[in-house]
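Residue numbers (the numbering used here): 1 to 415.
Written as structure tokens, this is what we have:
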């Protein structure tokens with residue numbers, strides 16, 4: 001048994017002072033769909049609704065064991081890591097300073113404050129996370145405090161690896177496949193490192209948001225690289241650069257084992273898990289489940305564990321999630337329609353809509369044209385094929401239009 005494995009076992013035992021093992025639940029709905037034995041490791045059910053508590057607790061425990069007098073910890077986070085650090089600070093009775101971007105939703109600020117109580121001070125600094133991180137590190141050096149990284153730290157990785165210990169104990173056998181969400185790489189590297197030794201027959205698939213594929217970029221380059229563009233929708237896993245320590249542990253990962261999940265498709269998975277299973281997942285928490293359709297052929301008849309890494313979802317985002325899901329499924333589109341300025345033109349257009357088509361948005365963009373007016377129109381339907389019928393009718397009637405559903409620039413300003 002390696003030193004790392006022994007430490008992870010000790011860490012898992014220490015975590016029992018904080019919370020019991022999170023459930024490993026067989027999901028009948030997914031198992032029947034894919035003809036597999038699919039289990040969900042419910043990290044969305046920790047006290048802070050994410051696995052981040054494991055790493056924060058472990059890193060803090062290690063520091064306090066080595067330096068009992070050390071009582072001030074600092075982190076920079078807009079979400080789950082902040083809540084994990086706050087909870088651990090209250091548990092150990094130490095001081096914590098949590099730096100969060102000014103743009104952080106109030107719900108996340110309030111939850112962090114509740115978890116930390118009087119032990120945590122929250123400082124809102126910077127419009128972007130890089131600014132927040134720089135301020136936190138500068139303060140840390142000034143105050144002589146200990147900085148707690150969300151993923152690029154051996155002790156944090158050790159804490160996240162406790163998920164793997166629980167999986168083997170609860171399943172009572174090695175699964176054929178573990179599907180891991182990837183952001184900074186702390187969870188993925190910890191679970192992989194432990195199971196590679198404790199369950200060598202188990203294989204892995206790594207899932208990251210398409211707009212934040214930092215692991216795939218690092219594997220392609222042979223080292224961590226910073227993404228030039230980052231889509232922040234999957235905020236719990238949208239990391240521009242995978243951690244150096246996690247990547248060192250994942251260095252042997254093949255590009256074929258890494259899957260990219262489109263942000264809008266993740267929304268379909270979130271809604272399905274909510275509506276069918278009653279499970280609330282944040283975008284990052286849905287990554288592993290979202291990868292299953294692409295794995296359908298290889299998982300048939302196999303035992304599969306998907307780690308649902310977090311459930312800190314702000315329901316104020318639900319309309320956006322529904323919108324993204326509809327667009328990805330082809331059930332909602334936006335057009336700019338050049339409407340002739342003549343009596344009956346609008347009525348003529350309305351007759352082209354089918355019985356399952358519904359106008360969700362209608363707005364004149366330009367009213368000063370003499371012969372035509374530009375209209376922004378959003379249409380929802382029950383079957384994606386209905387749009388082919390509508391566009392055929394528009395073409396036959398010589399209505400000029402432009403589909404802007406996938407036009408990022410126009411959609412950002414108009415939709």
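Built from N, CA and C at the ideal position, the CB exists for glycine as well.
Going by Cα to Cα distance, which pick from the options is closest to residue i?
i           : options               : result
residue 163 : 147, 145 and 188      : 188
residue 193 : 184, 204 and 213      : 204
residue 400 : 412, 408 and 377      : 377
residue 384 : 410, 330, 5 and 347   : 330
residue 6   : 71, 398, 165 and 319  : 165
residue 108 : 220, 316 and 118      : 316
residue 228 : 240, 221 and 234      : 240
residue 197 : 414, 413, 412 and 2   : 2
residue 234 : 267, 407, 300 and 248 : 267
residue 140 : 74, 373, 249 and 372  : 74
residue 250 : 216, 177, 15 and 293  : 216
residue 365 : 93, 410, 147 and 130  : 410
residue 149 : 63, 176, 283 and 408  : 63
residue 325 : 405, 16 and 8         : 405
residue 130 : 92, 103 and 276       : 103
residue 421 : 69, 118, 395 and 65   : Because the chain in this structure spans residues 1 to 415, residue 421 falls outside the shown range and cannot be described.
residue 14  : 275, 92 and 398       : 92
residue 351 : 373, 397 and 310      : 397
residue 276 : 310, 65, 28 and 412   : 28
Return the chain-ordered list of same chain residues with a C-beta closer than 8 Å to the C-beta of residue i, the five sequence neighbours on each side being excluded.
i           : result
residue 345 : 339
residue 135 : 76, 99, 123, 125 and 126
residue 464 : Residue 464 lies beyond the range of the chain shown here (1 to 415); nothing can be said about it.
residue 180 : 187, 188, 191, 192, 204, 205, 206, 207, 288 and 307
So, for residue i: in the same chain, excluding its five sequence neighbours on each side, which residues have a beta-carbon less than 7 Å away from its beta-carbon?
i           : result
residue 231 : 209, 211, 212, 238 and 263
residue 105 : 314
residue 132 : 76, 99, 100, 101, 125 and 126
residue 291 : 179, 205, 207, 259 and 261
residue 23  : 42 and 45
State yes or no: is the C-beta of residue i within less than 8 Å of the C-beta of residue j?
i           : j           : result
residue 160 : residue 183 : no
residue 112 : residue 82  : yes
residue 201 : residue 174 : yes
residue 20  : residue 170 : no
residue 336 : residue 360 : no
residue 375 : residue 387 : no
residue 79  : residue 185 : no
residue 302 : residue 32  : no
residue 199 : residue 168 : yes
residue 308 : residue 278 : no
residue 312 : residue 61  : no
residue 243 : residue 151 : yes
residue 273 : residue 321 : no
residue 115 : residue 86  : yes
residue 41  : residue 305 : yes
residue 54  : residue 39  : no
residue 153 : residue 245 : yes
residue 57  : residue 18  : yes
Am I right that residue i and residue j are in contact with their C-beta atoms under 8 Å? What's the rounded C-beta distance?
i           : j           : result
residue 423 : residue 120 : Nothing can be reported for residue 423, as the shown portion of the chain is limited to 1 through 415.
residue 333 : residue 403 : 6 Å
residue 281 : residue 44  : 6 Å
residue 265 : residue 328 : 5 Å
residue 34  : residue 296 : 6 Å
residue 155 : residue 221 : 27 Å between Cβ atoms; not a contact.
residue 72  : residue 138 : Actually they do not touch by this definition, with Cβ atoms about 15 Å apart.
residue 158 : residue 11  : 6 Å
residue 356 : residue 393 : The pair is not a contact, with the Cβ atoms about 14 Å apart (cut-off 8 Å).
residue 247 : residue 224 : 5 Å
residue 195 : residue 299 : Contact doesn't hold; Cβ gap of about 17 Å is too wide.
For residue i, which residues from the same chain have a beta carbon less than 6 Å from its beta carbon, with the 5 sequence-adjacent residues on both sides left out?
i           : result
residue 342 : none
residue 323 : none
residue 371 : 341
residue 94  : 71
residue 110 : none
residue 293 : none
- Message: Quick check for students: name the residue ranges of the alpha helix (DSSP H) that lie wholly in the region 340-399, counting only runs of 4 or more.
- Response: As far as the region 340-399 is concerned, its whole alpha helix (DSSP H) runs of at least 4 residues are 345-351 and 386-396.
- Message: Give the list of continuous alpha helix (DSSP H) stretches no shorter than 4 residues that lie fully inside the region 180-227.
- Response: Note on the region 180-227: whole alpha helix (DSSP H) runs with a minimum of 4 residues are 186-198 and 214-221, in chain order.
- Task: Kindly provide the ranges of any alpha helix (DSSP H) runs that are 4 or more residues long and lie completely inside the region 242-309, ordered along the chain.
- Result: The DSSP assignment places 244-249, 263-277, 287-290 and 296-299 as complete runs of the alpha helix (DSSP H) inside the region 242-309, in order along the chain (cut-off: 4 residues).
- Task: Only counting runs of 3 or more residues, tell me where the beta strand (DSSP E) segments fall wholly within the region 118-167, in order along the chain.
- Result: Those beta strand (DSSP E) runs which fall completely within the region 118-167 and span 3+ residues are 120-124.
- Item | Segments assigned alpha helix (DSSP H), at least 4 residues, entirely inside the region 62-106 | Entirely contained in the region 62-106, the alpha helix (DSSP H) runs reaching 4 residues are, in chain order, 80-92.
- Message: Please give the ranges of any beta strand (DSSP E) in the region 26-56, keeping only runs that are unbroken, at least 3 residues long and fully inside the region.
- Response: Assignment of beta strand (DSSP E) within the region 26-56, counting only whole runs of 3 or more residues, yields 37-42 in chain order.
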